[in-house]
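A short write-up of the structure that comes next.
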Amino acid sequence: MKCLSCGFELDDDAVFCSQCGKKIELPAKELAEEVTDSVSEAVSDVKEDFAEVVSEPVEAVEKFADKAEDKIESALDDIKDSFTDKPVSDAVFNDSNDTVAAIDEVLEALNSQPEAAENAVEAAAEDIKEKAESFTDNIKDKAEEAVSDAKWKADKVASDVKDKVEEVKDKVEEVKEEIAPEPAPEVKPLKKREKPQYEAPVENVAAASAAPLYAQSEIGGSAPQQGTAPQYSQQQYAPYNDQFQPSLPEEDEPEAPAKVGALRISFAGFIAILTIIFLTLVSLLFCLRLGASGDVLKKRTEKMNINTVLDADLGERSLSDAIYNEAGFGSATEGQISKSDFRAYLAKTNLLQYTGAFVKDYADYFIEGDIADPSVDANDMADFFVQNSDVADECFDYQLRTADYNKIRTKLELKDTADNFSIEKWSKKAHFDLANLNFVFSYVTLGIILGLVIVLLVWIAVIVDGRGKHIVGMYGSIFSCSGGIVFIVGLAAVAGTAIAHIVTGWFIFYLCAALLLPSGALALGVGAVELLLGFIFKRIRRGIKNSDKRNKAVEKALMGV
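Here the sequence shown is numbered in my numbering, starting from 1050 and rising by one per residue.
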């Protein structure tokens, strides 16, 4: 048996649904079968009770008949033993074939001792009579008890049947009231119009009053007199009946909507895939637009650990050693400054603040596009050491001069160190002008992509012919997939890069974990919102499917009634 509300499989004797908690309302067909089974069971119980009542007295009578026979035989044995003068032959009792002789001997023995025989027979008869009366009373009590029990069960079954029938009638009435068509408007007949009267023009009132208006025609009709022209009288046509209402055309019952074809569903699925791509793209661009702006990246750069940055493993050397070699500090100072002294010097400089300013310029150039090319050159790198000359005087025994700074600048230019930070060089390697990235991150582009997502969502609704079940199903899949991708990307930016840096020790993972944390947090939030929308749409679709199942179950129940 299935629940009519949720379709859950239940036991046949269940009263309430264990899934949705609603009371089980059996259809009329199943109710009739249940009533039939109940009546059959009650009749079977009554038959068994009567069989039991009837069988018990029969067995009891047979039992006491055997006892009576034993007593009679015992009495006869006593009589036989008392007959000492004329004993009865044992052969009479042992030979079953000589019946007549046995009867004669018994009668002769009884005649010789009439009182003993009479007393034995009377005692046996009295005993049988008492047992018979006892069995009669027992049979009577059993019969009355069985009849009473059968009557009670029959009344109970009849009451249950009556209650079930009333419930079915109430359900049928409710359904009839819900699906009953509205009464058609009453159509009233038109009011009969009166024929217009014609008056002939007369020259004077006397002639008009004397001459008749119409002459009788041959066919019994009225016609104007000769020489006169017809003229309408002052009487107007009778108006229509104010209460008349034209009959309305009967409305046909709405046909069941056709199912959406497999081709439409497939095409809608293709559009849903495109929607997922564009929705994921606009979500990630939005997170980068807000979480990777110049000001945000500058603050994240300044908060990095200077020791972790300087000790970053770049393969065979650390970052501080790489700067020492690229700037030619050893040759510029004629070996007066060691690598360890240079690292201590960098730790006290404003390296992170200086780098953060350039990071801000790069981010604003790629995202905002409102500044010139911010590529770092050799002069910018040499200016860093010039600005931190006071720190150099504090850390080094050797005092850096202008000639030393010029040597550092020349060394950087010869090694083309600045090419590693040149946007032009990056564009050539990528075969794409990176200056155009600001168009990708602009709010206009984000608005266009978002509008395209909305158009695709509307298109999906049109393709599936506006069917709510298919629309919410497609929307749930779109938001769930897009939200899941965005959430995973945000989780990778927030936690994945940090875990990767701990495991591998690579500086690139530390850099990504430090700079992409705000964008990753935004991606987690946007992904969670999209996942929630997908969950809501899927719950709505599930509710629609359950409602359709309930409606089909009700229709089947009504057809059965």
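The C-beta atom is built at its ideal place from N, Cα and C for all residues, glycine as well. Since this is a predicted model, take the numbers as computed values, not measurements.
Length of the line joining the Cα atoms of residue i and residue j
i	j	result
H1550	K1409	24 Å
A1431	T1459	9 Å
D1362	D1370	10 Å
Y1394	E1417	35 Å
L1483	S1424	12 Å
Q1402	I1420	20 Å
G1056	A1063	14 Å
L1328	V1493	15 Å
G1496	G1318	24 Å
L1449	K1397	16 Å
G1583	A1542	23 Å
N1354	D1360	10 Å
I1585	G1525	7 Å
D1344	Y1411	11 Å
S1471	K1347	19 Å
K1072	C1066	6 Å
A1311	R1590	19 Å
G1522	K1587	6 Å
A1441	I1548	36 Å
Y1447	V1578	60 Å
C1383	D1453	Note that residue 1383 is Glu in the sequence shown here, rather than Cys. Cα-Cα distance, rounded: 10 Å.
K1189	E1171	26 Å
E1193	K1200	10 Å
V1331	G1576	12 Å
E1222	M1608	14 Å
T1148	N1168	Its pLDDT being 47, under 50, T1148 is placed unreliably by the model, and nothing is read from it.
D1061	K1202	22 Å
A1341	Q1385	42 Å
Q1068	D1219	26 Å
L1053	S1197	39 Å
S1183	K1191	12 Å
A1544	L1560	13 Å
N1143	E1179	Summary for N1143: the model assigns pLDDT 44, below 50, so the residue's position carries little reliability, and this model does not support an answer.
Residue i - DSSP class collapsed to helix/strand/coil
i	result
F1481	coil
R1516	coil
F1057	coil
F1065	strand
V1088	Below a pLDDT of 50, predicted positions are generally treated as unreliable, and V1088, at 46, falls in that range; the measurement from the model is reported next regardless. Reduced to three states, the DSSP call for V1088 is helix.
K1036	Lying outside 1050 to 1610, the shown extent of the chain, residue 1036 is not represented and no answer is given.
K1460	helix
D1426	coil
S1183	helix
K1072	strand
N1354	coil
D1360	coil
E1526	Here residue 1526 is Ser; the residue named in the question, Glu, does not match the sequence. Here S1526 sits in helix by DSSP.
L1367	It is worth fixing the name first, because residue 1367 is Ser in this sequence and not Leu. Residue state, collapsed to three classes: strand.
G1377	coil
V1309	coil
A1195	helix
D1465	coil
S1342	coil
S1531	helix
S1491	coil
S1476	helix
S1471	coil
Rounded Cβ spacing between residue i and residue j (contact assumed at less than 8 Å)
i	j	result
I1509	I1498	About 17 Å; that fails the 8 Å criterion.
L1337	F1490	7 Å
F1415	L1486	5 Å
K1456	A1381	4 Å
A1562	V1538	Not a contact, Cβ separation roughly 14 Å.
R1313	I1527	No, R1313 and I1527 are not in contact; Cβ-Cβ is about 17 Å, not under 8 Å.
T1466	A1427	7 Å
D1514	V1309	6 Å
Near the ligand HEM: residue i beta-carbon under 7 Å from a heavy atom
i	result
D1419	No copy of the ligand HEM appears in this structure; indeed no ligand is present at all.
Does the stretch 1323 to 1330 come within contact of the stretch 1552 to 1572, defined as at least 3 CB pairs closer than 8 Å? No, because fewer than three Cβ pairs between the stretch 1323 to 1330 and the stretch 1552 to 1572 fall closer than 8 Å, the two stretches do not touch.
Any contact of the stretch 1382 to 1402 with the stretch 1592 to 1609, i.e. 3+ C-beta pairs under 8 Å? Per the Cβ contact rule, the stretch 1382 to 1402 is not in contact with the stretch 1592 to 1609 (fewer than 3 Cβ pairs under 8 Å).
Three or more C-beta pairs closer than 8 Å, one from the stretch 1564 to 1572 and one from the stretch 1366 to 1382: is that the case here? With the cut-off at 8 Å, the stretch 1564 to 1572 and the stretch 1366 to 1382 do not touch.
Is the stretch 1372 to 1384 close to the stretch 1441 to 1461, with three or more CB pairs under 8 Å? By the C-beta criterion, the stretch 1372 to 1384 is judged to be in contact with the stretch 1441 to 1461, since at least 3 inter-stretch pairs fall below 8 Å.
Entirely enclosed alpha helix (DSSP H) segments - the stretch 1383 to 1458, minimum 4 residues: Taking only runs of at least 4 residues, the alpha helix (DSSP H) segments lying wholly in the stretch 1383 to 1458 are 1388 to 1397, 1400 to 1412, 1427 to 1436, 1438 to 1444.
Count the CB pairs spanning the stretch 1474 to 1483 and the stretch 1428 to 1444 that are closer than 8 Å, and state whether there are at least three. Counting Cβ pairs under 8 Å, fewer than three are found: no touch.
Pairing CB atoms from the stretch 1528 to 1536 with CB atoms from the stretch 1599 to 1606, are three or more of them under 8 Å? No contact exists between the stretch 1528 to 1536 and the stretch 1599 to 1606.
At 3 residues or longer, and completely inside the stretch 1546 to 1579: list those beta strand (DSSP E) runs for me, N to C. DSSP runs (the beta strand (DSSP E)) wholly in the stretch 1546 to 1579: none.
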